[in-house]
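Inspection log for the structure reproduced underneath, given as structure tokens.
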Amino acid sequence: MKIRAGSVLFCVLYFLLVSPNLSAQDLGPLFKRMKDGIYVYAGKPGESNCTIILTQEGVVLIDSGNNPTDSQAVMKAVKQLTSQPIRFLINTEPHADHTTGHFVFSPPAIIIAAAGAGQSMRQAYNPERMKKMMEEPGEMGAAAKGYRLITPHVEYRDQMTLNLGERTFQLYYLKNVSQRGGHGDLAPQRVSALHSGIGGGQAF
Amino acid sequence: MKAKASFMLMAIVSLAVVRSVDAQDLGPQFQKVKEGIYVYVGKEFNSNCGVILTQEGVVLIDSGHNPTDSRAILNAIKKLTSMPVRFLIDTEPHPDHTTGHFVFSPPAIVIAHEGASESMRSRERESPDRIQKMMTVSPEMRAALEGYRFIPPHIEYRQKMTLNVRERTFELMYLKGVHSEADTAVWLAKERVLFSASAVVVNQYNILRPFVTIPDILAAAKMMKGLNPEVVIPGHGIPGTVKIFEDSEQYYALLLDRVGKMVREGKSLDQIKNELKMPEYDGWASKERIPSNIEAAYKAVKGS
Chain A
0 MKIRAGSVLF
10 CVLYFLLVSP
20 NLSAQDLGPL
30 FKRMKDGIYV
40 YAGKPGESNC
50 TIILTQEGVV
60 LIDSGNNPTD
70 SQAVMKAVKQ
80 LTSQPIRFLI
90 NTEPHADHTT
100 GHFVFSPPAI
110 IIAAAGAGQS
120 MRQAYNPERM
130 KKMMEEPGEM
140 GAAAKGYRLI
150 TPHVEYRDQM
160 TLNLGERTFQ
170 LYYLKNVSQR
180 GGHGDLAPQR
190 VSALHSGIGG
200 GQAF
Chain B
0 MKAKASFMLM
10 AIVSLAVVRS
20 VDAQDLGPQF
30 QKVKEGIYVY
40 VGKEFNSNCG
50 VILTQEGVVL
60 IDSGHNPTDS
70 RAILNAIKKL
80 TSMPVRFLID
90 TEPHPDHTTG
100 HFVFSPPAIV
110 IAHEGASESM
120 RSRERESPDR
130 IQKMMTVSPE
140 MRAALEGYRF
150 IPPHIEYRQK
160 MTLNVRERTF
170 ELMYLKGVHS
180 EADTAVWLAK
190 ERVLFSASAV
200 VVNQYNILRP
210 FVTIPDILAA
220 AKMMKGLNPE
230 VVIPGHGIPG
240 TVKIFEDSEQ
250 YYALLLDRVG
260 KMVREGKSLD
270 QIKNELKMPE
280 YDGWASKERI
290 PSNIEAAYKA
300 VKGS
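Sequences listed follow chains A and B, in order.
Read left to right, the first sequence gives residues 0 to 203 (numbering that gives the first Met the number 0).
Read left to right, the second sequence gives residues 0 to 303 (numbering that gives the first Met the number 0).
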């Protein structure tokens, strides 16, 4: 009887705290549910994507949205999905359209990227651009408030594994693979988080 | 005026965050090796633990030899700062460096070289009653084990990794074949402080497992010496300087020389184990490990 009561309590707490029963539509028109606990914020055409992955020990994000308004929308969705903190944010590349929104999530999120990402971000950092963004009227200016440059805490070479709760993320450095459409510059570092799943993982 | 007020506020906040405490105030096992860098030196060759303060929180190198050490370390951290332990870097996955993870994580993120989780899980499988047995050691140990849970690393890197925590940078380097299944040296280049893992130990024979080779140990010692550290903190033993590596190099050179000579005389491994003497190192601890050292030297000499 005691065990049964414990199980019921666990289920109630799990659904209340960890996994509110939401569909992707409840999160907004740009969200897609890819798998149980894995949601993608699909950027508008030509803009970057951001992925939300729920675990029993907190949230992992893949990139932080194309710009601060996207980051704030992602943050709002995360709060709708779970009361758990964002533990990690994995960068697939260091460019501004994937990383400007770090400040929205970190702290507490720990930022992970391939080696060289920190230097790339510091070199590309343009305080004037950010000042202008913060002064913009309307949504963008409001979303960019509180901006500060947050470079990765963890920079790995070649490969890394992240274990969080029931999920395992394998990170691979992809050498010289990215040519950004419309910009024509080669990304010095680009990584891909390919696995995220229970028992062997599912590519997405 | 506004800038002055902000500066004063910042100064007050930093005073509240990092407290002025001497190593002596932390307990007899603590040594301050640099500003904001402390070592809990394990008793009688027990494992060491590094405590490194940053403006964003604490980074630990290993978690103490056993949970009573881990609790002592946590108490010391609370005296040093009100900030959380953000990261815990394992120099190896063995229980004398990792059992205390649960004392610090959560919130600490545990980092190790790849293979560390598997090594830790395999030991748990081999001795499922390890924690129960540990509880019987003493009432203090039982109390220190309260709330125990098995915490494997969150992050497992391959070969090299950099950890940036505000003003400090930690370079993690995999050391192949030196002691365990996943050894990591941690180098703080700005501070010139090196945590050299258990690749070499001080005034003690190291245990050389079948996958450990003397050439790998010597290569790791050479690489770490080449970093030109000012302070070297081994996995076990009193912190020192690069002399720790030099002493170890000297020992292995002598061991290889003597074993090589006996091999050339046609002696078998068993004969060498029976006859070899190393009187220069009579003062070293853990003599029961000498046979494993001779076996490693024999393999190195024979090229097998």
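Cβ atoms here follow ideal geometry from the backbone N, Cα and C, with glycine treated the same way.
At a cut-off of 9 Å between beta carbons, glycine 117 (chain A) contacts chain B.
According to the DSSP secondary-structure assignment, serine 46 (chain B) is paired through a beta bridge with B:His235.
Of all residues in the segment 154-179 of chain A, only Glu154, Tyr155, Arg156, Asp157, Gln158, Met159, Thr160, Leu161, Asn162, Leu163 place a beta-carbon less than 8 Å from a beta-carbon of chain B. For isoleucine 109 (chain A), the neighbours in chain B by C-beta distance under 7 Å run, in chain order, Ile108.
Phenylalanine 244 (chain B): member of the alpha helix (DSSP H) spanning 242-263, first to last residue. Glycine 140 (chain A) is bridged by DSSP to nothing; it lacks a bridge partner. Taking each of A:Ile149, A:Leu29, A:Ser22 in turn and checking the Cα distance to asparagine 90 (chain A), the smallest one comes out for A:Ile149.
Straight-line spacing of the CA atoms in alanine 141 (chain A) and glutamate 134 (chain A) works out to 8 Å. In this chain, the beta strand (DSSP E) harbouring phenylalanine 194 (chain B) covers 192-196. For arginine 32 (chain A), the closest Cβ of chain B is not nearer than 9 Å.
Closest in alpha carbon position to glutamate 287 (chain B), among B:Ser62, B:Lys272, B:Glu279, is B:Lys272. Residue environment for asparagine 175 (chain A): exposed (fewer than 16 other C-beta atoms within 10 angstroms of its C-beta). Judged by beta-carbon spacing, arginine 141 (chain B) lies beyond the 9 Å limit of isoleucine 108 (chain B), meaning their Cβ atoms are not closer than that value. The Cβ atoms of alanine 72 (chain A) and tyrosine 38 (chain A) do not sit closer than 9 Å to each other.
Counting along the chain, glycine 56 (chain B) sits inside the beta strand (DSSP E) bounded by residues 56-60. Secondary structure at glutamine 169 (chain A): strand, using DSSP grouped into helix, strand and coil. For a Cβ distance threshold of 9 Å, residue set Asn163 of chain B lies close to threonine 150 (chain A), ordered along the chain.
Fewer than three pairs of CB atoms, one per stretch, sit closer than 8 Å, so the segment 93-108 of chain B makes no contact with the segment 164-173 of chain B.
In the assembly as shown, tyrosine 173 (chain B) is a buried residue. Its beta-carbon has 16 or more other beta-carbons within 10 Å. The three-state secondary structure of glutamine 270 (chain B), taken from DSSP, is helix. Taking a Cβ-Cβ threshold of 8 Å, the residues of chain A close to proline 151 (chain B) are Asn162, in chain order. Contact annotation for alanine 123 (chain A) against chain B: no contact, minimum CB-CB distance about 17 Å [criterion: below 8 Å].
Looking at the DSSP output, histidine 96 (chain B) sits in no beta bridge, so it has no partner there. Lysine 260 (chain B) counts as exposed, since fewer than 16 other beta carbons sit within 10 angstroms of its beta carbon. In this chain, the beta strand (DSSP E) harbouring glutamine 30 (chain B) covers 29-33. One Cα belongs to arginine 129 (chain B), the other to glutamate 123 (chain B), and the distance between them is close to 8 Å.
Counting only residues of its own chain and dropping the five nearest sequence neighbours on each side, glycine 56 (chain B) has a CB closer than 6 Å to the CB of Met82, Pro83, Arg85. Residue-level contact check: lysine 159 (chain B) touches chain A, since one or more beta carbons of chain A fall below 9 Å from its beta carbon. Distance from the Cα of proline 44 (chain A) is smallest, within the candidate group A:Asp157, A:Asn65, A:Thr50, for A:Asn65. With fewer than 16 other Cβ atoms inside 10 Å of its own Cβ, phenylalanine 210 (chain B) counts as exposed. With a beta-carbon spacing of about 7 Å, isoleucine 154 (chain B) and methionine 159 (chain A) fall inside the 8 Å limit used to define contacts. Look at the segment 112-142 of chain B: the residues with a C-beta under 9 Å from a C-beta of chain A are Glu113, Ser116.
Straight through space, the alpha carbons of glutamate 113 (chain B) and glycine 145 (chain A) are spaced by roughly 37 Å.
Note on geometry: alpha-carbon atoms of valine 200 (chain B) and proline 290 (chain B) lie some 17 Å from one another. Below 8 Å, enough C-beta pairs join the segment 245-256 of chain B and the segment 214-232 of chain B to call them touching: three or more. With a 10 Å radius around the Cβ and a threshold of 16 neighbouring Cβ atoms, asparagine 292 (chain B) comes out buried.
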